[in-house]
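First comes the structure, then the notes that go with it.
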Amino acid sequence: MSYIRLNHITKRFGNVIAVNDLNLEIGKGECFSMLGPSGCGKTTTLRMVAGFEDIDEGEIWVGDRLMSSSKTNFYLPPEKRDFGMVFQAFAVWPHLTVYENVAFPLRLRKLPDSEIQQRTTDALKHTNLYSVADQSPIDLSGGGKQRVALARALAINPDVMLLDEPLSSLDPHLREEMRFEIKELQKKFEFSIIYVTHDQAEAMALSDRILVMRGGVVEQIDTPLNIYNNPANKFVFSFIGLSNFLKVQKQGDKIYPVGSEHALTMAVPDATFANTQEATLASRPAEIDFSDDGELYGVVKRRTYLGEITDYAITVGDQELRVQKNSRKPGPKLGENCRLKLLRPHWYSAE
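Be aware that the sequence shown starts at 1, since it is given in the UniProt record's numbering, and climbs by one per residue.
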């Protein structure tokens with residue numbers, strides 16, 4: 001059952017339509033990520049849910065509470081929406097202790113002292129900050145500062161947590177650690193999460209579902225598995241995971257990679273060349289095998305050892321494909337000819 005509902009949301013900045021007729025439903029307790037390139041509208045959408053931006057058209061509901069409506073000219077300010085919010089900037093107050101950083105929003109709500117103490121202590125314990133409660137946050141690492149921001153958001157007991165690029169300023173190790181901590185907190189407290197990121201690994205690891213946006217428009221909403229394995233279009237394929245795109249052209253009844261003398265022997269969906277003589281063959285680097293009966297003929301241009309995997313650059317005609325294989329398996333050497341078998345090819349008509 002949907003808990004957060006965005007109905008026909010549109011937001012304009014001058015002549016620019018930042019979000020165009022967005023319809024979205026998010027379940028209670030769901031972790032929902034919005035993913036897309038810079039300027040696609042994902043942060044603007046989050047800010048409209050938070051109340052930092054008003055909507056130009058549509059309505060936003062959380063449960064049975066109306067947040068914003070263009071029809072009735074209703075707008076509930078951010079401080080009355082009771083959402084937990086964590087942003088890219090750590091937003092800690094250096095003149096306050098860690099404890100007071102977490103307690104401060106509760107004091108603004110004029111809660112009883114006993115309740116403030118209980119909520120603050122619980123939030124610090126759940127984020128592993130209780131032992132540094134009396135310290136200044138400026139003495140903490142980047143991950144520690146972001147935990148303070150998380151604890152502050154948890155302390156208000158939110159039903160909805162809004163996170164906008166919260167881990168992008170952390171180093172890779174801390175980012176991965178915090179990713180799992182956020183997921184564990186969500187499981188414990190069962191709040192809904194709307195998570196904005198440009199990091200596809202974060203979105204894949206955290207999310208129950210992912211929205212991929214481009215130019216203020218939804219390209220696909222689905223589970224991480226389905227978005228990766230069954231992308232709705234070429235853009236989604238290119239944005240999620242590593243990708244190869246090989247231009248091909250039809251000559252008579254045969255199909256050739258551009259620049260190659262070797263015709264493809266693989267099956268091609270009929271609709272691919274319905275209105276054109278050109279198309280794109282897409283593949284994932286990890287879903288290509290070296291095989292004596294492979295459909296593509298190539299030459300090894302680069303071979304790079306990366307620990308668990310070996311990364312190959314293979315020239316096919318006058319194009320290049322990236323192939324990644326387990327380093328324990330033998331593969332062709334630099335400069336050698338090879339044949340490639342695509343395990344999960346995707347076809348896209350020429351644009």
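Built from N, CA and C at the ideal position, the CB exists for glycine as well.
* For D318, the nearest candidate out of F90, R47 and F245 (CA to CA) -> F245
* Classify T276 as helix, strand or coil using the three-state DSSP reduction. => coil
* Asked: When the Cβ atoms of the segment 84-99 are set against those of the segment 132-149, are three or more pairs found closer than 8 Å?
  -> yes
* Under 8 Å by Cβ, that's how I've got E261 and V236 pegged, so tell me the actual separation to the nearest angstrom. => Wrong, their Cβ atoms sit about 32 Å apart, outside the cutoff.
* CB of L343 within 8 Å of CB of E295, strictly -> no
* Asked: Taking the C-alpha atoms as reference points, what is the distance between G63 and R322?
  -> 47 Å
* To do: Check A18 in the structure and name its three-state DSSP category.
  => strand
* Kindly indicate the opening and closing residues of the alpha helix (DSSP H) around G143. => G142 to A155
* To do: May I ask which residues mark the beginning and end of the beta strand (DSSP E) holding D311?
  => I309 to V316
* Are the segment 159-176 and the segment 99-110 in contact at 8 Å, needing three or more beta carbon pairs? -> no
* **Nearest residue (CA-CA) to V258, options I55, M266, T265 and Q249** => Q249
* Mind checking who L163 pairs with in its DSSP beta bridge? => V86 and Y195
* To do: State the DSSP-derived secondary structure class of V236, mapped to helix, strand or coil.
  => helix
* **Exposure label - A274; buried when at least 16 CB within 10 Å** => exposed
* Going by the CB atoms, is the gap between M67 and I194 shorter than 8 Å? -> no
* Asked: Identify the residues that DSSP records as bridge partners of L66: which are they?
  -> W61
* Indicate whether G298 and I314 have their beta-carbon atoms separated by less than 8 Å. => yes
* Asked: Distance, Cα to Cα, K188 vs I210?
  -> 21 Å
* Given G41 as reference, the closest of G216, P269 and K301 once Cα atoms are compared -> G216
* Asked: With 16 as the cutoff for other CB atoms within 10 Å, does H346 come out buried or exposed?
  -> buried
* Asked: Which residues mark the beginning and the end of the alpha helix (DSSP H) in which V323 is found?
  -> First-last for V323: Q319 to N326, but that is the beta strand (DSSP E), not the alpha helix (DSSP H).
* What does K11 pair with, by DSSP beta-bridge criteria? -> V19
* R339, DSSP secondary structure in three states -> strand
* CB-CB length for A50 against M85, believed under 8 Å -> 6 Å
* **Beta-bridge pairing of V212 - partner residues as DSSP gives them** => L35 and Q220
* Could you check where the alpha helix (DSSP H) with Y130 kicks off and where it finishes? -> No alpha helix (DSSP H) contains Y130, which DSSP labels as neither H nor E.
* Close Cβ partners of N23 (< 7 Å) along its chain, the five nearest in sequence each way excluded -> L6, N7 and H8
* So E53 and K11 are in contact, right, with Cβ under 8 Å, and what is the actual spacing, rounded? -> 6 Å
* Asked: What distance in whole Å lies between the Cβ atoms of Y348 and A282, which are believed to be in contact at a cut-off of 8 Å?
  -> 6 Å
* **Simplified DSSP state of H346, which is helix, strand or coil** => strand
* Where K80 sits in the DSSP three-state scheme -> helix
* Identify whether I55 lies in helix, strand or coil by the three-state DSSP scheme. => coil
* Those residues which DSSP pairs with T265 across a bridge -> In DSSP, T265 forms no bridge with anything.
* Beta-carbon proximity list for R109, same chain, < 7 Å, skipping 5 on both sides -> none
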